[in-house]
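Residue numbers (the working numbering): 10 to 205.
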Amino acid sequence: MEPATTIEFLQKRWPNRRKFTLTSDKLIVESKTLSKNIKFETKLDKLGLNLHYESDNTIPGKIFIGTGTVMIGIMTIAHFASNSIDTRALILNYCVWGIFILMGYFKQHQNDLFLTGGETKIAFYQNIPDEKTVTDFINEIRSRVKIYLKEKYIYFDSATTEYDFYHRISWLRDNEIISQTEFIEYKAIFDMNRQS
10 MEPATTIEFL
20 QKRWPNRRKF
30 TLTSDKLIVE
40 SKTLSKNIKF
50 ETKLDKLGLN
60 LHYESDNTIP
70 GKIFIGTGTV
80 MIGIMTIAHF
90 ASNSIDTRAL
100 ILNYCVWGIF
110 ILMGYFKQHQ
120 NDLFLTGGET
130 KIAFYQNIPD
140 EKTVTDFINE
150 IRSRVKIYLK
160 EKYIYFDSAT
170 TEYDFYHRIS
180 WLRDNEIISQ
190 TEFIEYKAIF
200 DMNRQS
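What follows is the structure, encoded as structure tokens:
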């Protein structure tokens, strides 16, 4: 049973962009940043099934924004209360601290999800467009990986040895691609075909 549709998934976070195209047997990834463009495709059997979360520590940035805001407030109060700060120095400090505050505010923190466990690690923005949509797409990838691996390793012909087939279906079971019940069924089908 092979999924017939191609699914495209786009994530934009200015100035970066990630585009994923999922087919029945491969994933095409395009990643564009200001400094580089990357495009590659990987077969589904090269992808893992594990989900890994990673995020930046945003507390230092928030502390810096708070400190900058407080500094601007203190300088403004000191200027009007005692005229101890020169107007030019006050404007210069407003500009410097204001730039730092804006940079801290507009700097987008990385919250990423990674699909790991295979030869190729794939990165997704966690919250773009929203976490549910991202995890739904990742789950679709995982589902297609399982289908692809199952179709690839369940196949056997007259040249397939018993050891090879049992090893393949054991690997599928151990990686939770097939259940124990399916393992027993495939083993019985193989044995029945070998006897006839």
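All C-beta atoms, glycine included, are put in the ideal place defined by N, C-alpha and C. Everything numeric in this text was worked out from a predicted model, so none of it was measured.
Pick from the options that is closest to residue i, judged by C-alpha positions
i: Val-38; options: Thr-129, Ile-83, Asn-120, Leu-60; result: Thr-129
i: Ile-108; options: Gly-77, Tyr-134, Asn-25; result: Gly-77
i: Ile-137; options: Ile-16, Thr-15, Trp-23; result: Trp-23
i: Gly-70; options: Lys-159, Thr-125, Thr-32, Met-112; result: Met-112
i: Ile-163; options: Ile-147, Asp-145, Arg-182, Asn-148; result: Arg-182
i: Asp-54; options: Asn-202, Thr-190, Glu-160; result: Glu-160
Separation of residue j from residue i, as counted between CA atoms
i: Pro-12; j: Lys-155; result: In this prediction, Pro-12 has a pLDDT of 48, which is less than 50 and means its spatial position is unreliable; what the coordinates show is noted afterwards. Approximately 12 Å, taken between the alpha carbons.
i: Gly-127; j: Lys-35; result: 14 Å
i: His-88; j: Tyr-103; result: 12 Å
i: Phe-123; j: Lys-48; result: 17 Å
i: Leu-60; j: Thr-32; result: 20 Å
i: Asp-200; j: Tyr-175; result: 10 Å
i: Gln-135; j: Thr-30; result: 17 Å
i: Ser-64; j: Asp-121; result: 6 Å
i: Leu-19; j: Ile-131; result: 14 Å
i: Thr-14; j: Ala-197; result: 32 Å
i: Ser-40; j: Ala-90; result: 53 Å
i: Ser-93; j: Gln-119; result: 42 Å
i: Arg-27; j: Thr-42; result: 9 Å
DSSP beta-bridge partners of residue i
i: Arg-26; result: Lys-21, Lys-41
i: Asp-121; result: Glu-63, Tyr-134
i: Asn-46; result: Lys-41
i: Ile-81; result: DSSP lists no partner for Ile-81.
i: Lys-52; result: Lys-35
i: Thr-129; result: Leu-56
i: Ile-16; result: Leu-31
Exposure label - residue i; buried when at least 16 CB within 10 Å
i: Val-105; result: exposed
i: Arg-153; result: buried
i: Phe-115; result: exposed
i: Ile-150; result: buried
i: Tyr-157; result: buried
i: Leu-101; result: exposed
i: Met-10; result: At Met-10, the pLDDT of 42 sits below 50, so the modelled position is not reliable; the number obtained from the coordinates is stated separately. With fewer than 16 other Cβ atoms within 10 Å, it is exposed.
i: Ile-186; result: buried
Evaluate the contact criterion for the region 133-149 versus the region 163-171: three or more CB pairs, one atom per stretch, below 8 Å. no
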